[in-house]
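Asker: Under our numbering, the residue at position 4 of the sequence shown is numbered 240, and the numbers go up by one with no gaps. What follows is a structure written as structure tokens; I'll ask about it next.
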Amino acid sequence: GGGGGGGHAADGDWAGTTSVDYSTQLDATLSRCWNSSDAVRMFVDERCRLAWQYALATAPLRAIDLVEPAPHMGSEQNGAFRVTLGGAAGMRGQFKSCDMVSTNESYKAELLAHAVDHVLELRRVPAVVP
């Protein structure tokens, strides 16, 4: 069926694809979504969101830069790494290390924020992967 995603049916039907084809299909979908003139498509189109999460979990790293820790709500945030990923979209993002003993910051909060955002259909939190 058509529906959902605001008329983005041109991304093709994934039914009947093999596991080898699946990765290629996700790369093609991500590239179309990332380059779309629709600024919110990555958040509202379910195929875009899934392709985004797949890319974050599987794309090779091309570059890593340290982001210095920043003051946040009375404590210091863990430092993060700015990463550039390979693959179809050449995305950039942040990698946050696991919990540090000296702070209250947790990767679990990022995962929870994404899950709640998705369930409530707010579409404001970028894709995350554990």
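Glycine is no exception: its CB is placed at the ideal position from the N, C-alpha and C atoms.
Taking the C-alpha atoms as reference points, what is the distance between Phe317 and Leu347?
Answerer: Cα to Cα, Phe317 sits roughly 17 Å from Leu347.
Asker: Roughly how many angstroms lie between the CA atoms of Gly329 and Thr320, to the nearest whole one?
Answerer: One C-alpha to the other measures close to 7 Å.
Asker: From the DSSP output, read off the bridge partner residues of Asp263.
Answerer: Asp263 pairs with nothing; no bridge assigned.
Asker: Check whether the Cβ atoms of Ala363 and Trp288 sit closer than 7 Å, and answer yes or no.
Answerer: In this structure, Trp288 lies closer than 7 Å to Ala363 by Cβ.
Asker: Within a Cβ cutoff of 8 Å, which residues of the same chain sit near Arg359, ignoring the five residues on either side of it in sequence?
Answerer: If we look at Arg359 and ignore the five residues flanking it on each side, its Cβ neighbours are Val276, Phe279, Val280 and Asp353.
Asker: Can you name the start and end residues of the alpha helix (DSSP H) that Leu358 belongs to?
Answerer: Careful: Leu358 lies outside any alpha helix (DSSP H) and carries neither H nor E.
Asker: With DSSP run on the structure shown, which of helix, strand or coil describes Ala291?
Answerer: It is helical.
Asker: Tell whether a beta-carbon distance below 7 Å holds between Gly322 and Ala295.
Answerer: In this structure, Ala295 lies closer than 7 Å to Gly322 by Cβ.
Asker: Assign Arg298 to one of two classes, buried (16 or more other C-beta atoms within 10 Å of its C-beta) or exposed (fewer than that).
Answerer: Flag for Arg298 reads exposed.
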